[in-house]
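Enquirer:
Residue numbers (my numbering), protein chains in the order written: chain A, 1 to 363; chain B, 1001 to 1620; chain C, 2001 to 2207.
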């Protein structure tokens, strides 16, 4: 016979697998700012806790069952010449036992599961800091995030500022297709729909800047629909809100505030003044508002209040450097193909520089 | 040994060319081979798409392909692997082996069977033609509305998808009716339901799932097509209050049973292989049957676990969580019973057993991550992340593909009369096992670290880089593994050893007849007295291997006649669908002239088919 | 359509091969197909029930439905189920006259029902309710149109059998050809008995 049984050490390839795994672990070191395994808020911590319960149980089951399988492979190796083994057709007792054991294990998982489902379902009435939750309206757009604070009367985009220890009550919708709001260190995903409001909440336990992403496939640029969650101290948050209000005052009353806008064009830095004019003549103003207190809902383009000091541009994608901003303004379709910002009057390097100078005054 | 006189297929009917012979065949074995060959080519296309995806994701901020093309790639990869690879490769085994395993001459409706294949092939070619037009489907294999609506997907991309799946659905439903009837009604004398080989049971359960789930996706696709082409708004919120959630419910009422349609045949194949290579019957036959039926039944009550992130409310979340967990119980029983089958056996380490063991080991891991998804709050973190990608590849690749590969090595000698090379088979196995784990195990981690699915690239600095590099290396290893398989097939084709009728010491009826089987399968209808019919016959004869069965003339055996009409019917269906895509509407009448022509061709072909005589004796 | 292709197409149509369940494979297949069809209509009826009140733009059920006409159509379809039973009885007895009479009546009923639906749909168009006027209209037309297509296919199928019967090609030992068509016809009828109250009566008397 050509198909003779040739014994060979089975463990050799398995050892190779182990070596590869070691290389793998060594090659992947942090930091992991978008990790679900490092919760920074109550919602994510509850989820993490029930998840880890399943991981430990799964690890035990994994070792036992895969171990049993490996044991069988060692123990019951046969040769073609061997006599037929004892013909066993089953065992009712054994089968009942191994039906009951998984049922018990699952019951152990089911109890914390249901408890966590109900614990995470409703928004708490009060925050840990004693105040009522901060309401935020989230609007998903192809491909950026709009954030509105109805009680504060302000709007921003792609950078969600919240105070530490204040529960955030998110009411979410989409302006077009389905998206999903996901900031892994604080909460699980929640889809946003064009025709219904979905809710999500969390309370941040630490300050800092945390990345988030759209997690439901939403078209060409789904990969670049990111955002940042900015958890501020209570004082820093108040200061941020005040600055947003100041923007708006400037826009609608012309009252002199810190913004460059309050200065007459003639007395401005000529580059900034040119940028201000270009913002209108190049039609930027049609889709983008520079005011946080813009009364128009569902704007076409992201709100640009405070764009001069934002961390990122292009929906959490590019660092907000002059170079990136210039590239974005001049070659939007190259940087992020298919976004709505297309078919606009061409912008030269010179004009872009003026626009950037103007945008940098938006703080 | 076979002489012209003993080869009545060529001796009887008027001379037909090889091409005509294959185009008009109604022989379940030839149709099985046609399914296998086409599905394997689609599998290679889908695999190539996966390799490009992995190359694109190998490093952060890569621009190997455009975002638009990337979206086409992952949509086509998913659609191809599910509908054009795993389902039809399973269908190859259904076709070739169900009649042999139950001792029948053919399926209940051979011409309907041929039509199923041609409809499938034309549907698959139709969807893939979109790649040549640079307009491949780009809205995901799940086609969520409203992204899949005309407003947000203005090109023909999603028309190809919706109409292509519609065509494939017709093939699946026709095959479903056919195999359900065949298994219930065409069994050899004495083969009661509880004596059927486990693979046949798995096919029966699969067909029930097909028959009850495909109608739902058919209706959903009708509605999507109406939205896209006839100004309806079933799923478009902005026109008249349509609800995108309706699409999700309809899609997953189909979609969840669909994943069992992909895994059930794998269960069946492994349940055939393990007893043969442990030389010991399947442990707990009845439990295996009932656990499969129970999984299928529960499969219709868990669809919303794909929708936890939509915010259905705590009651619905709890219900679907618990229902999903219940499925782990019968699944666990299956795994334990497989290990029970091996326990105390005399394990013969041939290639089919390697892959079957790989299946069990990998499927356990897919099952465990599945239980993690059942925990609804945890699923809020996992869904639409790479953790899910890892999970379902452990089930569908580690599960289905490992098992189908095991089936290929196991049944190759019966199908083609030659033995695949054992050494190359084992190289294939180790490359596949290592490549598979290297590709998909890191995806668990990168998903938990926050990498969403379906993103064409990712920034560095989030800790994703190393894991993605590992996955890409693994994917290339997997590719090499399948190249070894292809080399093995080519070598076997040319120089492989001739297979005896029963190379493995088989337990079931297909090993009682020559390899490859003659056109009529069984010269004498077998009679079955107990489970593992062939083992029983060998025990009765007191031998380990029965003497090589002789080739016979088949004189007087009635076989179904070849027919052109199934092929023409299939073309009619294709033309109807193309007509919808090309021209939506004429003067308020929803179908254009091309569609009308398609309907007429279909109706005419079915009419002619109905009046064509069924069979001819093989010899006059 | 699947049902039609089962006609005359069975590898085990020979007496020497009794089937495992002692039931003809074509009959088993048509039952299987009917089981599958239930899910088609379940999905369509569910969708209609969800959207039946979505008629803010354009006419709603009370503006367009003509219940007397549809009641007549329902009655005709119900009677046709009785007629086809009589025809089958004739075929099994070898009574050609009986077969031809009742089968012709069945086919006529089918034609009447399809004609009724075409008339009804045309009337809706004139009342300003097109396919995409509102979601009520879309889901109504999709559901009843899908059912109407089934009636039309059934009528065609029975029509070809009528031609066979006329040529004397349905002797008693081939009565099964008619029986499986009759099974399909009964199913189409039963579905309408669900559609009629759910679509017409509930929409009219709700609210």
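The beta carbon of each residue, even a glycine, is placed where N, CA and C say it ideally should be.
Just to confirm, are residue 1448 (chain B) and residue 1502 (chain B) a CB contact at a threshold of 8 Å?
Expert: As a working mapping, residue 1448 (chain B) is identified with position 448 in the second chain. As a working mapping, residue 1502 (chain B) is identified with position 502 in the second chain. No, Cβ-Cβ distance for residue 1448 (chain B) and residue 1502 (chain B) is not below 8 Å.
Enquirer: In this structure, does DSSP put residue 1446 (chain B) in helix, strand or coil?
Expert: Taking the second chain and counting its residues from 1, one reaches residue 1446 (chain B) at position 446. Three-state DSSP puts residue 1446 (chain B) in a helix.
Enquirer: Around the Cβ of residue 1410 (chain B), are there at least 16 other Cβ atoms within 10 angstroms (buried) or fewer (exposed)?
Expert: If you number the second chain from 1, residue 1410 (chain B) lands on position 410. By the neighbour-count rule (16 or more Cβ atoms within 10 Å), residue 1410 (chain B) is buried.
Enquirer: What are the boundary residues of the alpha helix (DSSP H) that includes residue 51 (chain A)?
Expert: In the first chain, counting from the first residue as 1, residue 51 (chain A) sits at position 51. Residues 42-75.
Enquirer: Run through chain C and tell me which residues come within less than 8 Å of residue 1187 (chain B), C-beta to C-beta.
Expert: Here residue 1187 (chain B) refers to the residue found at position 187 of the second chain. Result: 2020.
Enquirer: I need the straight-line Cα distance from residue 215 (chain A) to residue 1112 (chain B), nearest angstrom please.
Expert: As a first step, residue 215 (chain A) is located in the first chain; it is residue number 215 there, counting from the start. As a first step, residue 1112 (chain B) is located in the second chain; it is residue number 112 there, counting from the start. Answer to the nearest angstrom: the Cα atoms are 43 Å apart.
Enquirer: Could you pull out every unbroken alpha helix (DSSP H) segment of at least 4 residues lying fully inside the stretch 1184-1238 of chain B, listed in chain order?
Expert: Taking only runs of at least 4 residues, the alpha helix (DSSP H) segments lying wholly in the stretch 1184-1238 of chain B are 1198-1229.
Enquirer: For chain A, is any of its Cβ atoms less than 8 Å away from the one on residue 1311 (chain B)?
Expert: Locating residue 1311 (chain B) in the second chain gives position 311, counting from the first residue. For residue 1311 (chain B), the answer is yes, since a Cβ of chain A falls inside 8 Å of its Cβ.
Enquirer: Counting along the chain, where does the alpha helix (DSSP H) carrying residue 1257 (chain B) start and finish?
Expert: By 1-based counting over the second chain, the position of residue 1257 (chain B) is 257. Start and end: 1244-1278.
Enquirer: Taking the alpha carbon of residue 1490 (chain B) as the reference point, which residue from B:1023, B:1095 and B:1416 has its own alpha carbon closest?
Expert: Locating residue 1490 (chain B) in the second chain gives position 490, where the first residue counts as 1. When each option's Cα is compared against that of residue 1490 (chain B), the closest is B:1416.
Enquirer: Would you verify that the beta carbon of residue 2035 (chain C) is, or is not, closer than 8 Å to some beta carbon of chain B?
Expert: Indexing the third chain from 1 puts residue 2035 (chain C) at position 35. Closer than 8 Å to some Cβ of chain B, the Cβ of residue 2035 (chain C) qualifies, so yes.
Enquirer: Along the stretch 216-230 of chain A, what residues have a CB closer than 7 Å to any CB found in chain F?
Expert: Protein chains in the displayed structure are A, B and C, and chain F is not among them.
Enquirer: Assign residue 239 (chain A) to one of two classes, buried (16 or more other C-beta atoms within 10 Å of its C-beta) or exposed (fewer than that).
Expert: Here residue 239 (chain A) is taken as the residue at index 239 of the first chain, counted from 1. Residue 239 (chain A) should be labelled exposed.
Enquirer: If we define contact as Cβ-Cβ less than 8 Å, is residue 1386 (chain B) a contact residue for chain A?
Expert: As a first step, residue 1386 (chain B) must be located in the second chain, where it is residue number 386. For residue 1386 (chain B), the answer is no, since every Cβ of chain A falls outside 8 Å of its Cβ.
Enquirer: According to DSSP, simplified to helix, strand and coil, what is residue 1494 (chain B)?
Expert: The residue labelled residue 1494 (chain B) in the question sits at position 494 within the second chain. If DSSP states are grouped into helix, strand and coil, residue 1494 (chain B) belongs with the helices.
Enquirer: Give the interface partners of residue 1448 (chain B) over in chain A, defined as CB-CB distance under 8 Å, in chain order.
Expert: Counting from 1 along the second chain, the entry for residue 1448 (chain B) is found at position 448. Simply 35, 36 and 37.
Enquirer: Quick one: is residue 1529 (chain B) near chain C, going by C-beta distance under 8 Å?
Expert: Position 529 of the second chain holds residue 1529 (chain B). Closer than 8 Å: no.
Enquirer: Mind checking whether residue 142 (chain A) and residue 39 (chain A) have CB atoms under 8 Å apart?
Expert: On the first chain, residue 142 (chain A) is found 142 positions in, with the first residue counted as 1. On the first chain, residue 39 (chain A) is found 39 positions in, with the first residue counted as 1. Going by C-beta atoms, residue 142 (chain A) is not nearer than 8 Å to residue 39 (chain A).
Enquirer: Using 8 Å as the threshold, is the C-beta distance between residue 1572 (chain B) and residue 1605 (chain B) below it?
Expert: One-based indexing of the second chain puts residue 1572 (chain B) at position 572. One-based indexing of the second chain puts residue 1605 (chain B) at position 605. In contact: residue 1572 (chain B) and residue 1605 (chain B) (Cβ atoms closer than 8 Å).
Enquirer: How big is the Cα-Cα spacing for residue 1387 (chain B) and residue 130 (chain A)?
Expert: Here residue 1387 (chain B) refers to the residue found at position 387 when the second chain is read from its first residue. Here residue 130 (chain A) refers to the residue found at position 130 when the first chain is read from its first residue. The alpha-carbon atoms of residue 1387 (chain B) and residue 130 (chain A) are separated by roughly 37 Å.
Enquirer: Quick one: which residues of the stretch 1268-1300 of chain B get their C-beta closer than 7 Å to a C-beta of chain C? List them in chain order.
Expert: Those would be none; no residue qualifies.
Enquirer: Using a cut-off of 8 Å between C-beta atoms, extract the partners of residue 1228 (chain B) located in chain A.
Expert: Position 228 of the second chain, counted from the start, is the residue given in the question as residue 1228 (chain B). Those do not exist, as residue 1228 (chain B) stays about 14 Å from chain A at its closest Cβ, beyond 8 Å.
Enquirer: I want to verify the contact list: residues of chain C whose CB lies under 8 Å from the CB of residue 1304 (chain B), in sequence order.
Expert: Taking the second chain and counting its residues from 1, the one referred to as residue 1304 (chain B) is at position 304. By Cβ distance, chain C contributes nothing, its closest Cβ being about 15 Å from residue 1304 (chain B), past 8 Å.
Enquirer: Please return the same chain residues whose Cβ sits closer than 7 Å to the Cβ of residue 2178 (chain C), not counting the five positions on each side in sequence.
Expert: Here residue 2178 (chain C) refers to the residue found at position 178 when the third chain is read from its first residue. 2087, 2088, 2091, 2161 and 2170.
Enquirer: Would you check if there are 3 or more beta carbon pairs closer than 8 Å linking the stretch 1328-1345 of chain B to the stretch 1281-1293 of chain B?
Expert: The answer is yes - the stretch 1281-1293 of chain B touches the stretch 1328-1345 of chain B, with three or more Cβ pairs under 8 Å.
Enquirer: If I follow the unbroken beta strand (DSSP E) through residue 441 (chain A), where does it start and stop?
Expert: Outside the shown range of chain A, which is 1 to 363, sits residue 441 (chain A), and nothing can be said about it.
Enquirer: If you draw a straight line from the C-alpha of residue 2167 (chain C) to the C-alpha of residue 1557 (chain B), how long is it?
Expert: In the third chain, counting from the first residue as 1, residue 2167 (chain C) sits at position 167. In the second chain, counting from the first residue as 1, residue 1557 (chain B) sits at position 557. Rounded to whole angstroms, residue 2167 (chain C) to residue 1557 (chain B) spans 31 Å at the Cα level.
Enquirer: Would the stretch 69-77 of chain A count as touching the stretch 1303-1323 of chain B if we require 3 or more Cβ pairs under 8 Å?
Expert: The stretch 69-77 of chain A is not in contact with the stretch 1303-1323 of chain B.
Enquirer: Report yes or no: is there a C-beta of chain B within less than 8 Å of the C-beta of residue 2050 (chain C)?
Expert: Taking the third chain and counting its residues from 1, the one referred to as residue 2050 (chain C) is at position 50. Chain B contact via Cβ: present.
Enquirer: Within 10 angstroms of the Cβ of residue 190 (chain A), are there 16 or more other Cβ atoms? Answer buried if so, exposed if not.
Expert: As a position in the first chain, residue 190 (chain A) is number 190, starting the count at 1. Buried, by the Cβ-count rule.
Enquirer: Measure from the C-beta of residue 1576 (chain B) to each C-beta in chain C and report whether the shortest distance is under 8 Å.
Expert: In the second chain, counting from the first residue as 1, residue 1576 (chain B) sits at position 576. With 8 Å as the cut-off, residue 1576 (chain B) does not count as an interface residue toward chain C.
Enquirer: If you draw a straight line from the C-alpha of residue 2204 (chain C) to the C-alpha of residue 2050 (chain C), how long is it?
Expert: Taking the third chain and counting its residues from 1, one reaches residue 2204 (chain C) at position 204. Taking the third chain and counting its residues from 1, one reaches residue 2050 (chain C) at position 50. So the alpha carbons of these two residues sit roughly 15 Å apart.
Enquirer: Hey, quick one: how far does the alpha helix (DSSP H) through residue 192 (chain A) stretch, first residue to last?
Expert: Mapped onto the first chain, residue 192 (chain A) falls at position 192. That residue, residue 192 (chain A), is in no alpha helix (DSSP H); its beta strand (DSSP E) goes 190-192.
Enquirer: With 8 Å as the C-beta to C-beta threshold (strictly closer), list the residues of the stretch 325-339 of chain A near chain B in chain order.
Expert: So the close ones are 337 and 338.
Enquirer: Do three or more CB pairs link the stretch 1152-1168 of chain B to the stretch 1563-1583 of chain B at distances below 8 Å?
Expert: Touching, yes.
Enquirer: What separation, rounded to the nearest whole angstrom, lies between the Cα atoms of residue 258 (chain A) and residue 363 (chain A)?
Expert: Reading the first chain from its first residue, position 258 is the one you call residue 258 (chain A). Reading the first chain from its first residue, position 363 is the one you call residue 363 (chain A). Any reading at residue 258 (chain A) must be qualified, since the residue scores a pLDDT of 45, below 50, and its modelled position is unreliable; no value is offered.
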